[in-house]
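The opening residue of the sequence shown carries number 10 in this note's numbering; numbering runs sequentially from there.
Heads up, the beta-carbon is just placed ideally off N, CA and C, and yes, glycines get one too.
Report on the structure given below.
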Amino acid sequence: MRKKLLLGNWKMNKTREETKVFALGSLALSALAELHGIDIGVAPAYLSLPVVKKYNPNLLVASQNVHYQPSGAYTGEISIAMLKEINITWAIIGHSERRTYDNETSERCNLKIKALLANEMTPVYCVGETLAQFEKSETKKVIKEQISAGFSEISSENAAKVVVAYEPVWSIGTGRNASSEIAQDVCSYIRGLLREKYGEVAEQIRILYGGSVKPENIKTYLSTADIDGALVGGASLSIESFKELINNMI
Ligand code: PEP
Numbered sequence: 010m011r012k013k014l015l016l017g018n019w020k021m022n023k024t025r026e027e028t029k030v031f032a033l034g035s036l037a038l039s040a041l042a043e044l045h046g047i048d049i050g051v052a053p054a055y056l057s058l059p060v061v062k063k064y065n066p067n068l069l070v071a072s073q074n075v076h077y078q079p080s081g082a083y084t085g086e087i088s089i090a091m092l093k094e095i096n097i098t099w100a101i102i103g104h105s106e107r108r109t110y111d112n113e114t115s116e117r118c119n120l121k122i123k124a125l126l127a128n129e130m131t132p133v134y135c136v137g138e139t140l141a142q143f144e145k146s147e148t149k150k151v152i153k154e155q156i157s158a159g160f161s162e163i164s165s166e167n168a169a170k171v172v173v174a175y176e177p178v179w180s181i182g183t184g185r186n187a188s189s190e191i192a193q194d195v196c197s198y199i200r201g202l203l204r205e206k207y208g209e210v211a212e213q214i215r216i217l218y219g220g221s222v223k224p225e226n227i228k229t230y231l232s233t234a235d236i237d238g239a240l241v242g243g244a245s246l247s248i249e250s251f252k253e254l255i256n257n258m259i
């Protein structure tokens, strides 16, 4: 049985002080989630990573990015060793905003995924088509390329540790969420691709949906066969809404 997962992506939001308030407010939510067998966590800005760890050690904490090189002349980047030093073991890879603004390619994502797995860390690999690709019915073609490149040279043992997030770019931050039918269709397609490559191991891989998930719509996604949780931006920022998301997952 795949464990449900709710991961908040805070993007470039929340100061350290605001993070502290949220982390303290989430202590009871971690207990609630544990009681119901759900993993919950957030991906704050780099400076806030240790703040979440300090004030709610029970929340999963993910970096929003990481570099694949161990160290070097990469201005503005963060290394795996730096994350490990503060006990961060998860990282989001290939978010569409990084693909759009930072030219993140699936090939680069693959290097990052391999580096994380070599360090026993958990990558959350984001895939998804743009609006233009969606309108040209190219979703599955794009997804196939992203999954194939992202999982290149990854063993089945390691593949089981990756979390995949299907996030149609046209639904991120737009309020235009994909219907649960579309999301399930694509997530099932992703699982099928993983099954072709890894056989039964594909049944262990968690697949999230992301894109304008709100407390009002999270249930419809979670009631499908292949969606194991949600990657949530805007609706993960307030503790009230984060709580409602959890309540509606239970
Ligand atoms: C995201 O940032 O991954 C995301 C899905 O954002 P939102 O929920 O705001 O659409």
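Check                                                                                                                                                                  : Outcome
Can you tell me the Cα-Cα spacing of S80 and W19, whole angstroms?                                                                                                     : 26 Å
Between which two residues does the beta strand (DSSP E) harbouring S72 extend?                                                                                        : L69 to S72
Is A244 near the ligand PEP, going by C-beta to nearest heavy atom under 8 Å?                                                                                          : yes
Can you check whether the CB of E212 is closer than 9 Å to the CB of G178?                                                                                             : Residue identity differs from the one stated: residue 178 is Val in this sequence, not Gly. It is not a contact, given that the beta carbons lie outside the stated cut-off.
Can you find the residues in the same chain that come closer than 6 Å, C-beta to C-beta, to K149, ignoring five residues on each side of it along the sequence?        : Y198
Would you mind reading off the limits of the beta strand (DSSP E) that contains A169?                                                                                  : Taken as a continuous stretch (DSSP letters only), A169 belongs to no beta strand (DSSP E), as it is neither H nor E.
Quick one: what does DSSP say Y110 is sitting in, helix, strand or coil?                                                                                               : helix
Use the C-beta contact count for A71: other C-beta atoms within 10 angstroms, 16 or more gives buried, fewer gives exposed.                                            : buried
Taking the alpha-carbon positions, what's the R107 to S115 distance?                                                                                                   : 11 Å
How many Å lie between R200 and I97 at the Cα?                                                                                                                         : 27 Å
Using DSSP with H/G/I as helix, E/B as strand and the rest coil, what is A52?                                                                                          : strand
Do L174 and the ligand PEP come close, with the Cβ less than 8 Å from some heavy atom?                                                                                 : In the sequence as presented, Leu is not what sits at residue 174; that position holds Ala. Yes.
Compare the Cα-Cα distances from A141 to each of P132, T229 and V151 and report the closest residue.                                                                   : V151
State the start and end residues of the unbroken beta strand (DSSP E) segment that holds G219.                                                                         : R215 to G219
Compare the C-alpha of I122 against each of V75, G85 and E144 and name the closest.                                                                                    : V75
Where do the ends of the alpha helix (DSSP H) carrying L231 lie?                                                                                                       : I227 to L231
Three or more C-beta pairs under 8 Å: does that hold for the stretch 153-167 against the stretch 122-137?                                                              : yes
If contacts are defined as beta-carbon pairs under 8 Å, then C196 and I236 qualify, I think. What distance do you get, rounded to the angstrom?                        : 5 Å
T183: beta carbon under 8 Å from a heavy atom of the ligand PEP?                                                                                                       : yes
What span of residues does the beta strand (DSSP E) with P132 cover, start to end?                                                                                     : T131 to V136
Could you please give the first and the last residue of the uninterrupted alpha helix (DSSP H) stretch that includes A239?                                             : No alpha helix (DSSP H) contains A239, which is instead part of the beta strand (DSSP E) from G238 to V241.
Evaluate H104 with the Cβ neighbour count: other Cβ atoms within 10 Å of its Cβ, from every protein chain shown; 16 or more gives buried, anything less gives exposed. : buried
Between which two residues does the beta strand (DSSP E) harbouring A100 extend?                                                                                       : W99 to I102
Should S221 be listed as close to the ligand PEP, given that the test is whether its C-beta is under 8 Å from any heavy atom?                                          : yes
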